[in-house]
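Numbering-wise (our numbering), the sequence shown opens with residue 150 and increments by one. Ideal Cβ positions, reconstructed from N, Cα and C, are used throughout, including at glycine.
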Amino acid sequence: MKKNKKKKKRARSRKSPEDIAAKALRTASLQKKKNSIPANAKAEEQDQAKAKAQPKGKRKILEVVDLKVHYPIYGGILYRKIGEVKAVDGISFTLHEGETLGLVGESGCGKSTIGKTLINLLQLTVSGIHVTGQILFHQEDGEIIDLAPLSKQEMLPYRSQIQMIFQDPYSSLNPRLTVGEIIEEPLVVHCPILKSQDRKKMVVGLLEKVGLGGEQANRYPHEFSGGQRQRIGIARALATKPRLIIADEPVSALDVSIQAQVINLMQDLQDEFGLSYIFIAHDLSVVEHISDRIAVMYLGNIAEIGEGEKIYHSPVHPYTKALLSAVPLPEPGLKKQRLALKGEIPSPLAKPSGCGFRTRCPIAQNDCALNIPPLEEKEGRQVACPYV
Ligand SMILES: Nc1ncnc2c1ncn2[C@@H]1O[C@H](COP(=O)(O)OP(=O)(O)OP(=O)(O)O)[C@@H](O)[C@H]1O
Ligand code: SF4
Ligand SMILES: [Mg+2]
């Protein structure tokens with residue numbers, strides 16, 4: 150009888166692997182509280198109370214302030230620094246909980262650079278890279294952390310909350326590890342107190358969550374199709390219960406029908422876990438489908454940012470207009486006027502002065518060479534052009 154009672158008590162207090170993982174991640178986050186940015190304790194308390202009071206969905210999760218990322222270029226016999234690529238040149242935006250921000254623009258405009266900078270990947274891996282500005286990550290308790298200057302060790306507790314999904318699901322999965330080991334890896338790093346059998350249980354749960362059976366855990370990445378591999382990448386990203394996922398062209402390498410399946414899966418997971426997404430793509434029609442808001446980038450700057458519907462159906466910036474005119478219409482037979490842009494996108498090594506778009510802009514003025522136009526409120530969105 151006594152034995153039975155004990156057994157019941159044990160069963161009641163037994164925690165699921167998910168509970169243990171969540172506790173481990175919370176503890177790690179608490180240990181790093183000292184990285185919190187407000188110096189004035191009272192102001193900090195007020196900020197936290199304000200953030201908590203805001204309804205979920207309206208609360209900020211990320212604020213990027215005047216972010217600049219310049220890559221060094223080395224050359225000559227002595228291999229000295231001879232210039233820099235201004236890949237991201239003063240970008241600011243805000244992301245809310247449960248929201249998807251689509252980031253679009255032509256190849257080389259700096260989309261991936263932003264994604265990698267947000268998780269501190271470039272700062273820690275590219276020597277000589279110059280990153281300025283703030284990456285303010287809002288914690289659930291209202292605390293705000295600037296991720297930009299953190300070291301690898303300091304970044305660790307926040308990395309579990311921000312995960313990345315990459316374009317090429319094959320090269321981003323280690324071919325020598327089984328799928329189970331790949332998904333388990335972040336749990337080993339971020340939840341070292343979890344027992345191996347608990348991690349394995351979580352892996353099975355994650356595989357099922359992304360529409361693959363738990364029995365697939367012992368197979369290797371090359372035994373899966375492109376769409377299935379991207380599902381594995383998503384399961385790996387979900388392992389640490391992130392709040393924000395940066396998806397860098399997650400469907401560009403997939404067939405159109407598979408693209409829709411992966412996007413639907415991402416939307417379902419967003420609804421279930423309240424995830425926030427930064428969804429990077431060069432295809433505006435893909436971004437329009439998934440995004441609440443869209444930021445259109447050109448040569449390291451944001452040209453236009455606002456509600457997805459508005460940007461997609463009534464663009465204001467001349468670059469957004471040209472980009473949209475290149476999107477094919479869904480119904481055959483329908484025609485629209487294509488606004489062909491003259492010339493090639495300039496190299497970020499030799500960015501035009503003033504507005505980066507001026508060498509291709511159909512309405513460029515003399516003044517456009519003077520200053521980088523700031524984002525201004527126009528027709529319910531923000532546009533970086535004073536002449537529209
Ligand atoms: N390690 C690096 N060193 C120097 N320049 C770089 C480096 N990585 C990227 N760049 C340059 O920075 C600019 C932005 O690159 P990025 O990869 O962010 O563009 P992107 O918008 O993601 O392009 P794509 O759509 O082709 O993926 C490009 O001009 C690129 O050549
Ligand atoms: S600022 Fe000038 S060059 Fe830039 S988009 Fe406006 S009109 Fe065109
Ligand atoms: Mg890219």
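With distances taken Cα to Cα, identify the nearest neighbour of residue i among the options.
| i | options | result |
| --- | --- | --- |
| Thr243 | Ile521, Leu296, Phe286 and Lys500 | Phe286 |
| Glu333 | Asp347, Ser321, Pro324 and Pro467 | Asp347 |
| Leu473 | His219, Glu212 and Glu437 | Glu437 |
| Arg368 | His245, Leu326 and Ala518 | Leu326 |
| Glu246 | Leu211, Gly254, Gln283 and Gln410 | Leu211 |
| Ile294 | Cys258, Ala430, Lys301 and Ile284 | Ile284 |
| Gly373 | Asp420, Tyr536 and Leu322 | For the sequence presented, residue 373 should be read as Phe rather than Gly. The candidate whose alpha carbon is nearest that of Phe373 is Leu322. |
| Gln416 | Ala430, Ser440 and Ser434 | Ser440 |
| Ala430 | Leu252, Pro523, Arg530 and Ala236 | Leu252 |
| Lys470 | Pro495, Lys265, Pro501 and Leu433 | Leu433 |
| Asn515 | Gly254, Pro535, Lys500 and Gly529 | Pro535 |
| Val537 | Glu453, Gly457 and Pro501 | Glu453 |
| Gln379 | His462, Val359, Ala366 and Gly363 | Val359 |
| Pro335 | Ser320, Met313, Gly254 and Leu524 | Met313 |
| Glu255 | Val445, Gly362, Val234 and Asp317 | Val445 |
| Cys258 | Glu525, Pro523 and Tyr468 | Tyr468 |
| Gln419 | Leu216, Val234 and Leu250 | Leu250 |
| Lys235 | Val280, Pro298 and Ser276 | Val280 |
| Pro298 | Leu424, Ile331 and Leu216 | Leu216 |
Could you tell me whether the Cβ of residue i comes closer than 8 angstroms to any Cβ of chain B?
| i | result |
| --- | --- |
| Pro221 | Although the question refers to chain B, the structure presented lacks it and comprises just one protein chain. |
With which residues is residue i paired in a DSSP beta bridge?
| i | result |
| --- | --- |
| Asn269 | Its beta-bridge partners do not exist; DSSP assigns none. |
| Arg442 | Leu250 and Glu456 |
| Asn450 | Tyr447 |
| Ile394 | Gln312 and Tyr426 |
| Lys358 | DSSP, once it has assigned bridges, lists no residue as partnering Lys358. |
| Glu330 | DSSP lists no partner for Glu330. |
| Ile381 | According to DSSP, Ile381 bridges with nothing at all. |
| Leu216 | Ile240 |
| Tyr223 | Lys230 |
| Glu526 | Gln531 |
| Leu285 | Glu212 and Asp295 |
| Gly260 | It should be noted that the sequence gives Lys, not Gly, for residue 260. Paired residues: none, contrary to the question. |
| His245 | Lys209 |
| His279 | His219 |
| Lys235 | His219 |
Pull up the CB-CB distance for residue i and residue j, whole angstroms please, since I reckon it's below 8 angstroms.
| i | j | result |
| --- | --- | --- |
| Ile443 | Ile427 | The pair is not a contact, with the Cβ atoms about 11 angstroms apart (cut-off 8 angstroms). |
| Ser309 | Pro399 | In fact, because the Cβ distance is near 20 angstroms, the residues do not count as touching under 8 angstroms. |
| Val328 | Ile381 | 5 angstroms |
| Cys517 | Arg509 | So it is not a contact: roughly 11 angstroms between Cβ atoms. |
| Ile512 | Leu448 | Contact doesn't hold; Cβ gap of about 17 angstroms is too wide. |
| Gln272 | Ser401 | Their Cβ separation, rounded to whole angstroms, is 25 angstroms, which puts Gln272 and Ser401 out of contact at 8 angstroms. |
| His371 | Pro306 | Contact doesn't hold; Cβ gap of about 34 angstroms is too wide. |
CB-CB under 7 angstroms to residue i, same chain, minus the five flanking residues each way: which ones, in chain order?
| i | result |
| --- | --- |
| Gly138 | Because residue 138 is not part of the residues shown, which for the chain are 150 to 537, the question remains open. |
| Ala200 | Note that Ala200 scores a pLDDT of 49, beneath 50, so its modelled location is shaky and nothing firm can be said. |
| Gly503 | Cys517, Ala518, Leu519, Asn520 and Ile521 |
| Gly492 | Thr508 and Arg509 |
Is it right to say residue i is buried, meaning 16 or more other beta carbons lie within 10 angstroms of its own, or is it exposed?
| i | result |
| --- | --- |
| Gln408 | buried |
| Val338 | exposed |
| Ile395 | buried |
| Asp290 | exposed |
| Glu248 | buried |
| Val405 | exposed |
| His219 | buried |
| Ile342 | exposed |
| Asp397 | buried |
| Lys182 | Low per-residue confidence applies at Lys182: pLDDT is 46, beneath 50, and the placement is therefore not dependable, though the value from the model is reported in the following sentence. By the neighbour-count rule (16 or more Cβ atoms within 10 Å), Lys182 is not buried but exposed. |
| Ile383 | buried |
| Lys344 | exposed |
| Gly225 | exposed |
| Ala475 | exposed |
| Asn269 | buried |
| Leu227 | exposed |
| Ser320 | exposed |
Between which residues of its own chain and residue i is the CB-CB distance below 6 angstroms, once the five residues before and five after are set aside?
| i | result |
| --- | --- |
| Lys527 | Val465 |
| Gln180 | The pLDDT assigned to Gln180 is 49, lower than 50, so where the model puts this residue is not dependable; a value taken from the coordinates is nonetheless given after this. Taken in chain order, the list of residues that qualify is empty. |
| Lys230 | Pro221 and Tyr223 |
| Val214 | Ser241, Gly282 and Gln283 |
| Ser106 | The chain is shown from 150 up to 537; residue 106 falls before or after that span and cannot be answered. |
| Lys205 | With a pLDDT of only 47 at Lys205, under the threshold of 50, the placement of this residue in the model should not be trusted, and no figure is reported. |
| Ile263 | Val237 |
| Leu524 | Gln531 and Ala533 |
Quick one: residues in its chain with C-beta nearer than 8 angstroms to the C-beta of residue i, no 5 flanking neighbours on either side, listed in chain order?
| i | result |
| --- | --- |
| Asn450 | Asp238, Gly239, Ile240, Gly505, Ile521 and Ala533 |
| Phe422 | Leu387 and Lys390 |
| Gly376 | Leu403, Asp404, Ile407, Gln410 and Val411 |
| Leu267 | Leu211, Val213, Ile284, Leu296, Ile311, Ile395 and Ile427 |
| Gly529 | Gly455, Glu456 and Lys459 |
| Gly363 | Val352, Val353, Gly354, Leu356 and Glu357 |
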